[in-house]
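> Here you go, one structure.
Residue numbers (the UniProt record's numbering): 1 to 69.
Shown next, in the form of structure tokens:
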């Protein structure tokens, strides 16, 4: 049996732009750099559980609304 590598994808950019938030503003809201938000949106960085939760709270979304496999 082989293990499949699960990659966490996200709808962060879509949700962020729908709420008219800049990367900088969202970064400020959750305590990270603008570059971190950019890297999450492009899939270059997978957020920690804590950061994913903060993003959900900041955007008033459920985890499954922002992230998926």
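Even for Gly, the Cβ is constructed at its ideal location relative to N, Cα and C. Source: prediction; values computed, not measured.
1. Taking DSSP as the reference, what is the three-state secondary structure of residue 39?
2. Since residue 12 and residue 40 should fall inside the 8 angstroms C-beta cutoff, what is the C-beta to C-beta distance between them, to a whole number of angstroms?
3. Which same chain residues, not among the five before or five after residue 36, have their C-beta less than 7 angstroms away from its C-beta?
4. Using the DSSP secondary-structure output, state which residues sit across from residue 98 in a beta bridge.
5. Roughly how many angstroms separate the alpha carbons of residue 23 and residue 8, rounded to a whole number?
6. Name the two residues that bound the continuous alpha helix (DSSP H) containing residue 30.
Put simply:
1. For the purposes of this step, residue 39 is taken as the residue at position 39 of the chain shown. It is helical.
2. Within the chain shown, residue 12 is the residue found at index 12, counting from 1. Within the chain shown, residue 40 is the residue found at index 40, counting from 1. Going by Cβ atoms, the distance from residue 12 to residue 40 rounds to 6 angstroms, so yes, they are a contact pair.
3. Here the question's residue 36 lines up with position 36 in the chain shown. Taking residue 36 as the centre and dropping the five residues before and after it, the same chain places the C-beta of 27, 45 closer than 7 angstroms to its C-beta, in chain order.
4. The structure shown does not extend to residue 98, since the chain spans only 1 to 69, so no value can be given for it.
5. Working through the chain shown from its first residue, we reach residue 23 at position 23. Working through the chain shown from its first residue, we reach residue 8 at position 8. Using only the alpha carbons, I get a separation of about 20 angstroms.
6. Residue 30 sits at position 30 when you count from the first residue of the chain shown. Its alpha helix (DSSP H) spans residues 23–30.
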